[in-house]
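In what follows, a structure is listed as structure tokens, so that the remarks can point back to it.
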Amino acid sequence: MAVDDWIRRGQPIVFGLILLFSIIEMCISAWLVSRYNAHHNFNSLSMRDRVRYTLFASLWTIVGSIFFILLFLHSATGSVMTSVAAHLIFLVLTWIIWVAAAASVTAMIGGGLNCSTQNTFVYCGQLNALEAFSWIIWILVTFALIVVIIRGIAAARRGDGYRGGLVA
8 MAVDDWIRRG QPIVFGLILL FSIIEMCISA WLVSRYNAHH NFNSLSMRDR VRYTLFASLW
68 TIVGSIFFIL LFLHSATGSV MTSVAAHLIF LVLTWIIWVA AAASVTAMIG GGLNCSTQNT
128 FVYCGQLNAL EAFSWIIWIL VTFALIVVII RGIAAARRGD GYRGGLVA
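Below is the structure:
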């Protein structure tokens with residue numbers, strides 16, 4: 008099977024996984040934000056703001072992933088929005104957003120919580136899930152970014168430059 012066929016099948020799958028985990032992350036962070044807004048039981052303003060930032064990151068990723076999946080399924084080769092450069096810009100921004108979100112949540116809870124022994128954090132299980140899904144999304148975005156960089160190099164070598172499509 009040619010590399011272009013792998014990309015045609017793989018891009019919607021990878022972006023679909025990013026979308027799925029972002030929806031899960033959005034649900035967790037939105038629930039936490041609603042609890043914090045209703046009960047004001049966050050440990051610090053920093054904790055509240057980090058959870059809100061994670062909600063923003065998940066919403067950014069959901070909108071962008073849906074956009075790129077639909078455009079890629081519509082026209083994998085014919086649009087500037089399905090080019091290597093467009094994917095690269097979106098994925099680099101998303102990578103930066105998610106590394107900040109995952110690192111801030113990890114720093115907030117100290118790398119993970121043992122919910123049976125701690126009594127500091129009100130929503131221990133949800134915060135652990137928030138951290139885990141943040142890192143899962145970051146890993147998926149990193150994988151997609153590496154593939155897009157490799158395809159960008161291939162597009163540049165074939166003479167299309169980074170404005171060329173992910174598939175030839």
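Count along the sequence shown from 1, then add 7; that gives the number in this note's numbering. Glycine included, every Cβ here is placed at the ideal spot set by N, Cα and C. Predicted model only: the values in this text are computed from it and were never measured.
Item	Value
Cβ shell of THR127 (< 8 Å), same chain only, five flanking positions each side left out	ASN50
7 Å CB neighbourhood of ALA136 in its chain, flanking five on each side removed	ILE35
For VAL129, the first and last residue of its enclosing alpha helix (DSSP H)	From DSSP, VAL129 is part of no alpha helix (DSSP H); its letter is neither H nor E.
8 Å Cβ cutoff met for PHE79 and GLN18	yes
Beta bridge counterpart(s) of SER36 as assigned by DSSP	Answer is none; SER36 lacks a bridge partner.
Residues near VAL21 in its chain [Cβ-Cβ closer than 6 Å; skip 5 each side]	ALA151
Those residues which DSSP pairs with GLY159 across a bridge	According to DSSP, GLY159 bridges with nothing at all.
Contact under 8 Å by Cβ, LEU62 with MET33	yes
Outcome for VAL87 when other beta-carbon atoms lying within 10 angstroms are tallied against a minimum of 16	exposed
Burial state of VAL70, where buried means 16 or more other Cβ atoms lie within 10 Å	exposed
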